[in-house]
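Here the structure is laid out as structure tokens; the discussion comes afterwards.
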Amino acid sequence: MKFFIDTASLEQIKEANDLGILDGVTTNPSLMAKEGISGKEDVLKHYVDICNIVDGDVSAEVIATDFEGMVREGEELAALHKQIVVKIPMIKDGVKALRYFSDKGIKTNCTLIFSPGQALLAAKAGATYVSPFIGRLDDVSTNGVDLIAQIVHIYENYGYPTQVLAASIRHTMHIIQCAEVGAHVATCPLSSILGLLKHPLTDIGLEKFLADHKKSQKTPVAG
Ligand code: E4P
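Position 36 of the sequence shown, counting from 1, maps to 16 under the working numbering, and the rest follow consecutively.
Below, the structure written as structure tokens:
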């Protein structure tokens, strides 16, 4: 399973990248706003800065909701850097834009996926990735991970190359559950990634190993 980080924070992206396990980055307009990035020039520069940290796909979302606007914005984003993936919302004009970019060989990530039907449509339109939002489904008492499993199953039935990118991950268990059902990618907050490495028995074990080592290193008193 590929690991993407779900943030626009350069600091957090660097921290995850330094671990040597990072395959890409996803952003959205809310994450960009959280970092205080506004104004077209700053937004475009920020995407390039992200691409220069990570060697992998970087999703940059269009703001337009009409076909022509999405094409215009998407082409500008894609021209910024070869790692840019144009992120398109699952709406009618979005499906047309997915087909447009797919025909041009430009990578896309279809966002705001909440049903298997939407994922099927995005795959038919040639999306590189689909982003089902599992945390937001959990928030409305629907099992988000079940949707990941359904989409993986449907794509396998027909051999669609579209990759299932589990998004809206809220905690470490979501990552494990997505891996269990075969998500191709999980995009995660840094805290959820770091959560994977924690176990109290690891800490207790390490403490004991170090204490035993220290004891064995004591110089014997000369007699
Ligand atoms: C990433 O592609 C999504 O935009 C993001 O995971 C949404 O996460 P949220 O539901 O926590 O806002």
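The C-beta atom is built at its ideal place from N, Cα and C for all residues, glycine as well.
A straight-line Cα-Cα distance of about 8 Å links I43 and P9. Non-local beta-carbon contacts of A(-12) in its own chain, meaning distances under 6 Å to residues more than five positions away in sequence, involve T7, L11, M12 and E15 in chain order. Not one heavy atom of the ligand E4P sits closer than 8 Å to the Cβ of K198. With fewer than 16 other CB atoms across the displayed protein chains lying within 10 angstroms of its CB, F189 is exposed.
Taken in chain order, the whole beta strand (DSSP E) runs of length 3 or more contained in the region 71 to 134 are 88 to 93 and 109 to 112. Rounded to whole angstroms, the separation of the alpha carbons of E160 and L176 is 14 Å. Below 8 Å, enough C-beta pairs join the region 55 to 70 and the region 27 to 42 to call them touching: three or more. The three-state secondary structure of I(-15), taken from DSSP, is strand.
Scanning its chain for C-beta atoms nearer than 6 Å, with the 5 sequence neighbours on each side dropped, one finds around D118 the residues G124, in chain order.
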